[in-house]
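Worksheet: the structure to be examined is printed underneath.
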Amino acid sequence: MKQQLDFIITSNKKLNKQTFLIKVTPKNAEPLPEMLPGQFVQVLVHDSSSIFLRRPLSINYYDKENNEIWLLIQNVGGGTNKITELKVGENLNLLFPLGNTFSMPDKNQTTLLIGGGVGTAPLLFLGKNLSDKGYTPEFLLGGRSALDISQLNDFEKLGLVYITTEDGSMGQKGLVTHHPALKEKQYDKIYTCGPKPMMIAIARYAADNNIDCEASLENHMPCGFGACLCCIENIKERGNICVCTEGPIFNTKELQWID
Amino acid sequence: MDRLKVKIGDLELKNPVMTASGTFGYGTEYSDFMDLSRLGGIFVKGTTLEPRQGNDYPRMAETPSGMLNSVGLQNKGVHYFVSDIYPKIKEYDTHIIVNVSGSTIEDYIGCTEALVGLDKIPAIELNISCPNVKEGGMAFGTSCVSAAQVVKAVRKVYDKTLIVKLSPNVTDIAEIALAVEAEGADCVSLVNTFLGMAIDAEKRKPKLSTITGGLSGPCIKPIALRMVWQVYNAVKIPIIGMGGISNWKDAIEFILAGSHAIQVGTYNFINPSVSVEIVDGILNYLDRHNIDSISDLIGKLDY
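In the order they appear, the protein sequences are chains A and B. So that you can map any letter, position 51 of the first sequence is 51 in my numbering, and since no number is skipped, the others follow by simple counting. So that you can map any letter, position 113 of the second sequence is 372 in my numbering, and since no number is skipped, the others follow by simple counting.
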């Protein structure tokens, strides 16, 4: 069940020049409901007339033990700037948990989780979930430079991590789609989140190699729960549907990204 | 709670707080966040005779204290509404009012005829003010002649409460309100969105796929309030006021300007339970000011 709840910020860490990890817990210590990888929250940005709408953010991790939600935020100005400026102890009002989840692989299937920049956010939660369920997920993280690679230690605890950066400052130089792992290894399932051109390239790679692939979309979302009909994606055979309720996770076969 | 009761035509509302079409889905989208039975009514998504895919993405642009949308009446058509949606929502303990849209007068008539027999739909809101469709929509609501024509035609086939939703994109909204009143409208609701535009300066491109769209949110409230007041001073039928309402104080302002009831729109996206908070806030206001009934406040602007 979706809910609106006031949270309190328990931690706000700057991971690199633009990326922040904010941890929040319910203000009145209400136990958090079950949440699934791929789901997101809608963050209310306080006291700002120029930032009118809530901002959707992936659930980076659900820390059951500490009753916390982790949010990975890239400060790209505007609303994200306001959120990253918040201090420990300040309030944050969230609508959550919203959206669907990734589908689990079949038994013994190999998985690769490909994230670009802050798009790695939901993949940590997914990776933990896969790992808890006995899978051995592998990760391919990409960015413009080493500064875009966040939470490397957390990912490394969950499985093998490959890295690419466009400037070569960390890992392989180039784009995630050029990483040799994609040529040398055989995966049964790919999950991806990041910039749309990256996800389209991965969807194409998956289609060419007959690999099942799921992507997390980030269309503009005023409401996040299927009321405003603004975040639509044109899906094969079904037409315009809401990314917020029927997604944000889609099998790339359903999308009109590639022919 | 009788203190909050108001009447719109034959329609008795338990309170004057309703939710605006296009911002509240079919109500079900909000049932996790609030108790729908606390509302005076729910205006469900704009419905057309034939299914509509709506406009292409992007359909939304954020603006200071508001947003532009160009959804373009995406819906599965009135027959789908009757067969698949109505059975799921008819037991709600609040009034369900369908917003009826069309491209031609025949569309409006066809859509209305499909709804007239539904027991639990006590009223329709005739949308002659959608700015986001190529044909019809707002075109009907921007001239007295065409507004009168569509209301006259629908009135002939609809004997329940007929509400007409007015466009603010006109020179004199009171004139349009008078024209639809003369053709038998039981109530006018106003305002729909203002035609607006947003541009991405860096890319030198419009932010909406349709270039223009409808502006809503707190930024339009002062203009909406002025229009409600002008219409109140012109017509005898009740008014449902809306335009940027985001708290109980806004709602009281619209009632003072002459609204019998109000609709909460865009702010539902920001705070999905704002409408019930407004009901509580209005009651509290009546208590503080020793006012017996909300009816005593309608149009009671002191000047």
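Every residue gets a Cβ at the ideal spot worked out from N, C-alpha and C, and that includes glycine.
Proximal chain B residues relative to residue i, where beta-carbon distance stays under 7 Å
| i | result |
| --- | --- |
| A:Gly-247 | Per Cβ cutoff of 7 Å: no residues; A:Gly-247 is ~13 Å from chain B at best. |
| A:Cys-223 | Phe-528 |
| A:Asn-240 | Gln-312, Gly-313 and Gln-333 |
Residue i versus residue j: straight-line alpha-carbon distance, rounded
| i | j | result |
| --- | --- | --- |
| B:Gly-336 | A:Ser-48 | 38 Å |
| B:Ser-518 | B:Tyr-544 | 16 Å |
| B:Ile-267 | B:Asp-539 | 21 Å |
| A:Leu-152 | A:Gly-116 | 13 Å |
| A:Glu-246 | B:Val-404 | 43 Å |
| A:Met-199 | A:Lys-253 | 12 Å |
| A:Ala-203 | A:Ile-258 | 8 Å |
| B:Thr-406 | B:Lys-464 | Sequence check: residue 406 of chain B is Ala here, not Thr. Computed Cα separation, rounded: 34 Å. |
| B:Ala-457 | B:Leu-467 | 7 Å |
| B:Thr-401 | B:Val-447 | 14 Å |
| A:Pro-56 | B:Tyr-562 | 45 Å |
| B:Asp-551 | B:Arg-262 | 6 Å |
| A:Leu-130 | A:Ile-9 | 27 Å |
| A:Thr-111 | B:Val-359 | 49 Å |
| A:Asn-67 | A:Phe-7 | 11 Å |
| A:Cys-193 | A:Ala-215 | 6 Å |
| B:Thr-282 | B:Gly-305 | 10 Å |
| B:Asn-506 | B:Glu-461 | 35 Å |
| B:Asn-386 | A:Ile-232 | 23 Å |
| A:Cys-213 | B:Ala-320 | 30 Å |
| A:Lys-32 | A:Pro-26 | Per the sequence shown, residue 32 of chain A should be read as Leu rather than Lys. The alpha-carbon atoms of A:Leu-32 and A:Pro-26 are separated by roughly 8 Å. |
| A:Arg-144 | A:Tyr-135 | 29 Å |
| B:Thr-307 | B:Asp-269 | 24 Å |
| A:Glu-65 | A:Gly-77 | 32 Å |
| A:Thr-165 | A:Leu-15 | 17 Å |
| A:Ile-235 | A:Gln-256 | 6 Å |
Chain-ordered neighbours of residue i on chain A, where CB pairs are closer than 7 Å
| i | result |
| --- | --- |
| B:Asp-291 | Met-1, Lys-2 and Gln-3 |
| B:Gly-476 | Phe-52 |
| B:Phe-288 | Just to set this straight, residue 288 of chain B is Glu in the shown sequence, not Phe. Under the 7 Å cutoff, chain A gives Phe-225, Gly-226 and Ala-227. |
Beta-carbon separation (whole angstroms), residue i vs residue j, contact threshold 8 Å
| i | j | result |
| --- | --- | --- |
| B:Val-357 | B:Val-303 | 6 Å |
| A:Val-118 | A:Gly-142 | So it is not a contact: roughly 12 Å between Cβ atoms. |
| B:Thr-471 | B:Leu-454 | 6 Å |
| A:Lys-189 | A:Pro-105 | 5 Å |
| A:Thr-84 | A:Ile-69 | Not quite, the Cβ-Cβ distance comes to about 16 Å (not below 8 Å), so this is no contact. |
| A:Leu-160 | A:Glu-184 | No, A:Leu-160 and A:Glu-184 are not in contact; Cβ-Cβ is about 12 Å, not under 8 Å. |
| A:Ala-146 | A:Asn-60 | Going by Cβ atoms, the distance from A:Ala-146 to A:Asn-60 rounds to 20 Å, so no, they are not a contact pair. |
| A:Leu-5 | A:Glu-30 | 7 Å |
| B:Lys-411 | B:Glu-442 | 4 Å |
| A:Leu-113 | A:Tyr-191 | 5 Å |
| B:Tyr-351 | B:Leu-295 | 5 Å |
| B:Met-277 | B:Val-535 | Not really, about 12 Å apart at Cβ, beyond 8 Å. |
| B:Ala-493 | B:Ala-438 | The pair is not a contact, with the Cβ atoms about 11 Å apart (cut-off 8 Å). |
Where residue i meets chain B, residues with beta-carbon distance less than 9 Å
| i | result |
| --- | --- |
| A:Leu-44 | Ile-529 and Asn-530 |
| A:His-220 | Tyr-316, Pro-317, Arg-318, Met-319, Ala-320 and Glu-321 |
| A:Arg-54 | Phe-528 and Ile-529 |
| A:Leu-94 | Near A:Leu-94 there are no residues of chain B at all, since even the closest Cβ is about 12 Å away, more than 9 Å. |
Boundaries (first-last residue) of the alpha helix (DSSP H) holding residue i
| i | result |
| --- | --- |
| B:Arg-414 | 403 to 416 |
| B:Met-397 | 397 to 400 |
| B:Leu-327 | Per DSSP, B:Leu-327 belongs to no alpha helix (DSSP H); it is in the beta strand (DSSP E), 325 to 328. |
| A:Leu-124 | 121 to 132 |
| B:Val-535 | 533 to 547 |
| A:Arg-144 | Unbroken run through A:Arg-144: none, as it is neither H nor E. |
| B:Arg-262 | Unbroken run through B:Arg-262: none, as it is neither H nor E. |
| B:Gln-489 | 480 to 491 |
Under 8 Å by beta carbon: chain B residues contacting residue i
| i | result |
| --- | --- |
| A:Cys-228 | Gly-281, Thr-282, Met-319, Asn-328, Val-330 and Phe-528 |
| A:Leu-182 | The contacting residues do not exist; A:Leu-182 stays about 29 Å from chain B at best. |
Cβ of residue i within 8 Å of any chain B Cβ
| i | result |
| --- | --- |
| A:Ile-232 | yes |
| A:Ser-150 | no |
| A:Leu-112 | no |
Any C-beta of chain A under 8 Å from that of residue i
| i | result |
| --- | --- |
| B:Glu-384 | no |
Under 9 Å from the C-beta of residue i: neighbouring residues of chain A
| i | result |
| --- | --- |
| B:Ser-324 | Ser-49, Ser-50 and Phe-52 |
Enclosing beta strand (DSSP E) for residue i [first to last residue]
| i | result |
| --- | --- |
| A:Trp-70 | 68 to 74 |
| A:Asp-6 | 3 to 14 |
| A:Ser-216 | 212 to 216 |
| B:Phe-340 | Element bounds for B:Phe-340: n/a, residue is neither H nor E. |
| A:Val-45 | Where A:Val-45 is concerned, there is no enclosing beta strand (DSSP E), given that its DSSP letter is neither H nor E. |
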